[in-house]
Each structure stands twice: as C-alpha cells, then as structure tokens.
Amino acid sequence: MFDRVVAFLLRLYPEEFRRVYRRDAMQLMWDRAGHERGVRLRARLLMDLTRDLVVTSLTWSPPAPELARTDGRPRFDILRPHRPRPEALAAGTLTSMLMLVSFALLFQPRVFPPAPIQLGEGSGGEPTGLESGDSDQQVIVNGPGGRLTVVAAVAANLRQRYFDYAIGQQLADALLAFEKNGRYRSIRTGPELADRINDDIYTTSRAIGIPPGEFVADVVFIGDRTAPIGPPSDPNCMFRTIETLPRNIGHLKLDGFMPPSRCQETARRAMEAVNKADALIIDLQDNGGGMGETALQIAGYLFDRPAFLYDPRPNTPVPSHTASPVAGSALANKPVYLLTSARTASAAEYFVYNLKMLKRVTIVGGRTAGAMHAGAFHRIDDHFGMGIQETPPPDNPYPVKGWEAIGIEPDVLVPRAEALDVARALAESRAKRSR
Amino acid sequence: MPKQKFSPLPAAAFQILMALVDEDLHGYEIMRRVEEQSGGRTRLGPGTLYSSIQALLEAGFIVEVSQPSAADTNDERRRYYRVTAAGRKAGREEAERMADLLRTARAKKILRGEYV
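Chains R and V supply the protein sequences, listed in that same order.
Be aware that the first sequence starts at 17, since it is given in the numbering used here, and climbs by one per residue.
Be aware that the second sequence starts at 43, since it is given in the numbering used here, and climbs by one per residue.
Take a look at the structure:
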C-alpha cells in the first residue's frame, strides 16, 4: 500500500522531471523507505514527498538539452519555450537589421539580366557595340543579341508574373517564337521594339480569349537610365490654356494630370475659372497621363452626385467615386467636350473612358493611344521596362472592358487640327438649340 | 535555456555543495548528509534534490562522476556527484555572504544563544 502511494505521488511530478529523474527519485524513496520504518516515519516521508511534489510542480524547470549523455547515446530533447532575455532580443533585432541591409545591398530587385543589353557580335554581321554617332534608341536594339535579350526578358516576366499562369506561358512562348522567326530582326530602335512587342502581346492575348481592351502587359522604352522618371515639374501643373471662348465656352488645355500633392489647388482654381461657362471643352490631345487622383478631382466638378470611375489597377490608391457634388460647381449639368488624339494616354484615357461610359461627355478628335499602364512596373534593363497584370483586374461594370491597345473611340472623329473648332461648333449649336 | 542565477546560492544548493565537499555521493546519501548537517531541519525531497542537482550541474558547480568501485556500491545504476573547484568557490562565497549577514545581525543584537 505504502509503495503504491509513493509510486502514485511520483507519477504526479512534472513530466519533464520524471523523464529525467524518475529512476533516481524512485531509488531515493526506496532508500528512505528502507531506513524510515514505522507509521510515524512513513507518515513523515509521505508528508515530505507531498510537500516536495507541490514545490517541484511550481518551480521545476527542465534541464538543458544535451547532444549526448555520458553513455554516448544520442538524445533528442524538445526545448521548452522561455521568455527571451532583453539582451537576446536586442541582439536578434540588430542581427535581423544587418541581414536586411545586407540583402538589400546584395540582391537588388532586378529579376532580369542586370547588365545593359550586350550588343556583341551577332551572327548576322549587323553593326555591333555602342558606336559613336548612333542614337541611344538605335544602339539599344542593334544586333540580334540585344533584341533577343529584351524579348527573352519580357517572356520571362510574363511567365513569372502574369496572374494567369497558363496565359503567361502562352504569351511568353508566342513572343519567343516570333523572335526566333525573325519578326523583330528589322527593328532598329527601342520605341519600335516596344511597340512591336506590345502589338504581339495584344494580338496573342486576343487570340487566346482575353476581351478587347483588357490590359495584359506592356513594354515601354524608358530611354537612358539617367533620364528622370516621373512627372515633370511644371509651375502651371500642365494647364496650358485656361480661357473662356466666345459664346461663354470654357476651354482648358491640360497636358498631364500632375500629383495632387502639388497641383490640387491649381486644378481647383482652373475649374473655378471656367465654372460659369455654358459649355466646357477640355483638350486632352497632348495629355499623356499622370495621376488618377487629379483626374478624379476634375471629374468631380462634372457631376451632381458621386460617380463611379473604373480604375483598372488592382489595389489602386485612387478612390472609386468622385467627390461630387463639389461645393460651388456650376458645371455638373453643362455639356462637356473632350478633345482626344493618339497621344491621349494612360490616366487621360482613364478620365476619357469613364466619362464616356457614364455618357457624360462628347469626345471629339482621334482615337486615344490605348496605353492603359495598369500593371505593376518592372525594369528590364537600363532602357526598357514593362507593366504586367500581376493580379486579376477589378470587376468592370461596363460592356467595353478597357482601352488597352484599342484606345477609346471618339464620338466625332476629326483631324487633330480641327478638333477644337468642331467641339466649339457643337457647343454653340447645342446652346442655340437649348435657347 | 537560461541558467539559474546563483547569487545568492539557494539554501538547498548550498547544502548540497557542503554535503559533497568531503566525498562523492549519490542522491540518497546527499539527502542524508544534508539532513545531518542541518540538524534534521532540512530533508530534501526528490524534486527539490534533483532540481538543485540539475541547476548545479548546469552551473558547473558539480559534475557527475563514475561510480566508485563496484565493491563499494550495491547498485550500479546510482549517479554520483562531485563538487568542482567552481562549486567550492561558490560555496565559500555564499558562506562569506552569510557570515556578513550574521555579523550584521550580531551587531544589531537580534541573535541569541547558540546561533551567535
């Protein structure tokens, strides 16, 4: 009976303790039991054991793991979690920061060939190397090695990054096949090469079932790496003309949507300047894009309630609705004419596309560029970059799913030089009818 | 795993070190020696004894040693322990610390009779 009670109490000790010292503890108790006989001593022994059990359960911490015991047999211990010491935390934080800095320095985020395109000797005996007198645009693609490197990098990007794996593979295979068949052999400049690759991406994507206008990827010729990237600094925030034409027609010529951080107030004043016009013409023929926020701000003046503007970019920072009505705006119900051309691109097309889908404007001029620029941008080398749709595009409620490659068709197709006059005539005609 | 701090040395650990000063002992012998040297006031249970032994091993104050000759033992499975030089030093420092405490207590005249 006594033995059973002792064995039972020993089983209540912490598992880690029993695993390490069970045999020793048993031996100790048997030794004591052998020397401490009689009811009183046995009772004292059980009391001691019970008290020791409580204390050990509250204070026991397991031994440090060892790779081998003295008998040389391997052991596999499980480390019990302990609260890290402050000095260990500090050392860990410092080490992590050093590692991050090291990785950042050693592994620049360049997936593709880090060196500029090698223009070494080609099999076709074409001009090679960076020769004096060649323009940057020419030398960039001179030689089959240069073109092949760009096309291979674009293909690799499509394989790795396009959100639909199967389509990315097909597009990449198609581009490499085009290159192999000599489709790009005659191209001499960077912009030409980018345009041709973009045509092929779009044509192939249409052939495999991607809806017209939906963005897949696009290649852009950046020029020299040293060239500044980003919106140019312009004191007028790219507002080239702010005027009121005869018959009270407001006229804005806007060549870019500059960052709201420095142009929000300028845009507000420009819209206020034409606020009392009976009609408004916004000339976007030379507007190559910019910041969607500024486009959204200007669009806000043209509605009397919040209007949804579709943004093809996933996780876009631009709000989905205009901040309409804008206090004091008298333009919400006035006719608006947008002048467009093949140079109207990117954020300008976002502006034009949405106002067209909302049937809020009349578009006069030429078809827009069809440059959605909706993808995540990646450098290919010093001269080329590309945007890729890395995640599925947001749901688009409109029947025309975008403007990539196809551009936005004007309501009134006229030559560039005539666009303003035609828009004025339309505005005046409408004003007469309304009187 | 963090090592147990031994400043001051816990009473059980100190008693075990003192028990091992004269000779190598196994667990039960240590318990008996501690009971003797404490006048019967301290009886170490298995949990207290072996957790203290473990902490002393980790601190390097004692080591596990091979058994004395088989003729001297009746169970070859017992583990014997020996105090190290570091253990002796730690025991001495702890004794000096307690001596300081005693001096303080003596100066305050709060000790009486045989303990002084």
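Think of the CB as a built atom: it goes at the ideal place given N, C-alpha and C, for glycine as much as any other residue.
Reduced DSSP category for L91/V - H, G, I as helix; E, B as strand; rest coil: As a first step, residue 91/V is located in the second sequence; it is residue number 49 there, counting from the start. Helix.
Three CB pairs or more closer than 8 Å across the region 359-367 of chain R and the region 200-212 of chain R: In the pairwise beta carbon analysis, the region 359-367 of chain R is classified as not touching the region 200-212 of chain R: fewer than three pairs are separated by under 8 Å.
Any C-beta of chain R under 8 Å from that of M60/V: Taking the first residue of the second sequence as 1, we reach residue 60/V at position 18. It does not: the Cβ of M60/V has no partner Cβ on chain R nearer than 8 Å.
R124/V at chain R interface by Cβ criterion, 8 Å: On the second sequence, position 82 is the one that residue 124/V refers to. Taking CB atoms only, R124/V has no neighbour in chain R less than 8 Å away.
Span of the beta strand (DSSP E) around K269/R: For the purposes of this step, residue 269/R is identified with residue 253 of the first sequence, where counting begins at 1. DSSP places K269/R inside the beta strand (DSSP E), whose first and last residues are I265 to L270.
Buried or exposed by the 16-neighbour rule on C-beta atoms within 10 Å, applied to E78/V: Position 36 of the second sequence holds residue 78/V. With fewer than 16 Cβ atoms within 10 Å of its Cβ, E78/V is classed as exposed.
Beta-carbon proximity of L354/R to T338/R, cut-off 8 Å: The residue given as residue 354/R occupies position 338 in the first sequence. The residue given as residue 338/R occupies position 322 in the first sequence. No.
Exposure label - I404/R; buried when at least 16 CB within 10 Å: Looking up residue 404/R in the first sequence gives position 388. Buried, by the Cβ-count rule.
Chain-ordered chain V contacts of R67/R [CB-CB under 8 Å]: Against the first sequence, residue 67/R aligns to sequence position 51. Those are G87, listed as they occur along chain V.
Option in S345/R, D411/R, V170/R and E195/R with minimal Cα separation from F393/R: The sequence position of residue 393/R within the first sequence is 377, counting from 1. Nearest C-alpha to F393/R: V170/R.
Spatial neighbours of Y414/R in its chain, beta-carbon cut-off 6 Å, leaving aside the 5 residues before and after: In the first sequence, the residue the question calls residue 414/R occupies position 398. The residues are M373.
Cβ-heavy atom distance, E259/R to the ligand ADP, below 7 Å: Judged by which ligands are present, the structure shown has none, so any question about the ligand ADP falls away.
Cβ neighbour criterion (16 or more within 10 Å) applied to T111/R: If you number the first sequence from 1, residue 111/R lands on position 95. Classification for T111/R: exposed.
Proximity winner among L116/R, M388/R and P409/R, relative to N331/R (alpha-carbon distances): On the first sequence, residue 331/R is found 315 positions in, with the first residue counted as 1. When each option's Cα is compared against that of N331/R, the closest is P409/R.
Interface flag, D66/V vs chain R, CB-CB below 8 Å: Taking the second sequence and counting its residues from 1, the one referred to as residue 66/V is at position 24. By this cut-off, D66/V is not an interface position.
Buried or exposed (CB count within 10 angstroms, at least 16 for buried), F119/R: As a working mapping, residue 119/R is identified with position 103 in the first sequence. With fewer than 16 Cβ atoms within 10 Å of its Cβ, F119/R is classed as exposed.
Where S249/R falls, given that 16 or more other Cβ within 10 Å makes a residue buried: Residue 249/R sits at position 233 when you count from the first residue of the first sequence. That one is exposed.
Own chain residues within Cβ distance below 7 Å of L28/R, not counting five before or after: Residue numbering aside, residue 28/R sits at position 12 when the first sequence is read from its first letter. For L28/R, where only same-chain residues beyond five positions count, the Cβ hits under 7 Å are L69.
Cβ of S93/V within 8 Å of any chain R Cβ: To locate residue 93/V, count along the second sequence from 1; it is residue 51. Closer than 8 Å to some Cβ of chain R, the Cβ of S93/V qualifies, so yes.
Extent of the continuous beta strand (DSSP E) to which H394/R belongs: Locating residue 394/R in the first sequence gives position 378, where the first residue counts as 1. Under the DSSP assignment, H394/R falls in the beta strand (DSSP E) whose first and last residues are A392 to R395.
Contiguous beta strand (DSSP E) assignments of at least 3 residues, all confined to the region 323-388 of chain R: Along the region 323-388 of chain R, the beta strand (DSSP E) occurs as fully enclosed runs of 3 or more residues at 352-356 and 378-381, listed in sequence order.
Pairwise C-alpha distance: S80/V and V125/V: If you number the second sequence from 1, residue 125/V lands on position 83. If you number the second sequence from 1, residue 80/V lands on position 38. Spanning the two alpha carbons is a distance of roughly 19 Å.
Which of helix, strand or coil DSSP assigns to I422/R: By 1-based counting over the first sequence, the position of residue 422/R is 406. If DSSP states are grouped into helix, strand and coil, I422/R belongs with coil.
Limits of the unbroken beta strand (DSSP E) element including R256/R: Taking the first residue of the first sequence as position 1, residue 256/R is located at position 240. Unbroken beta strand (DSSP E) run through R256/R: F255 to L261.
Beta-carbon proximity of A49/R to F24/R, cut-off 8 Å: By one-based count along the first sequence, residue 49/R stands at place 33. By one-based count along the first sequence, residue 24/R stands at place 8. The answer is no: Cβ separation not under 8 Å.
CB contact below 8 Å: A23/R versus chain V: As a first step, residue 23/R must be located in the first sequence, where it is residue number 7. So, not an interface residue.
C-alpha distance - L429/R paired with D398/R, whole-angstrom precision: Position 413 of the first sequence, counted from the start, is the residue given in the question as residue 429/R. Position 382 of the first sequence, counted from the start, is the residue given in the question as residue 398/R. Between the alpha carbons of L429/R and D398/R lies a distance of about 38 Å.
Sub-8 Å separation of L86/V and V76/V beta-carbons: Stepping through the second sequence from its first residue, residue 86/V is reached at position 44. Stepping through the second sequence from its first residue, residue 76/V is reached at position 34. The answer is yes: Cβ separation under 8 Å.
Contacts of Y29/R in chain V (Cβ-Cβ under 7 Å): Position 13 of the first sequence, counting from 1, holds the residue named residue 29/R. Those within 7 Å of Y29/R in chain V are G89.
I226/R, enclosing beta strand (DSSP E) - first and last residue: Residue 226/R sits at position 210 when you count from the first residue of the first sequence. Per DSSP, I226/R is not a residue of any beta strand (DSSP E), being assigned neither H nor E.
Coarse secondary structure for L429/R, derived from DSSP in three states: Within the first sequence, numbered from 1, the residue matching residue 429/R stands at position 413. Under the three-state reduction of DSSP output, L429/R falls in the strand class.
Contact with chain V by Q313/R, beta-carbon distance below 8 Å: For the purposes of this step, residue 313/R is taken as residue 297 along the first sequence, with counting starting at 1. No, Q313/R does not count as interfacial toward chain V.
Assigned secondary structure, H399/R (DSSP; H/G/I helix, E/B strand, else coil): Counted from its first residue, the first sequence places residue 399/R at position 383. Residue state for H399/R is assigned as coil, using DSSP reduced to three classes.
Closest Cα partner of R222/R within the set A190/R, R101/R and V235/R: Here residue 222/R refers to the residue found at position 206 when the first sequence is read from its first residue. Checked all of A190/R, R101/R and V235/R; the closest Cα to R222/R is A190/R.
Between the CA atoms of A439/R and M287/R - distance to the nearest angstrom: If you number the first sequence from 1, residue 287/R lands on position 271. If you number the first sequence from 1, residue 439/R lands on position 423. Between M287/R and A439/R, the C-alpha separation is close to 19 Å.
Proximity of F319/R and S340/R at Cβ, strictly below 8 Å: Taking the first residue of the first sequence as 1, we reach residue 319/R at position 303. Taking the first residue of the first sequence as 1, we reach residue 340/R at position 324. Result yes, Cβ atoms of F319/R and S340/R sit closer than 8 Å.
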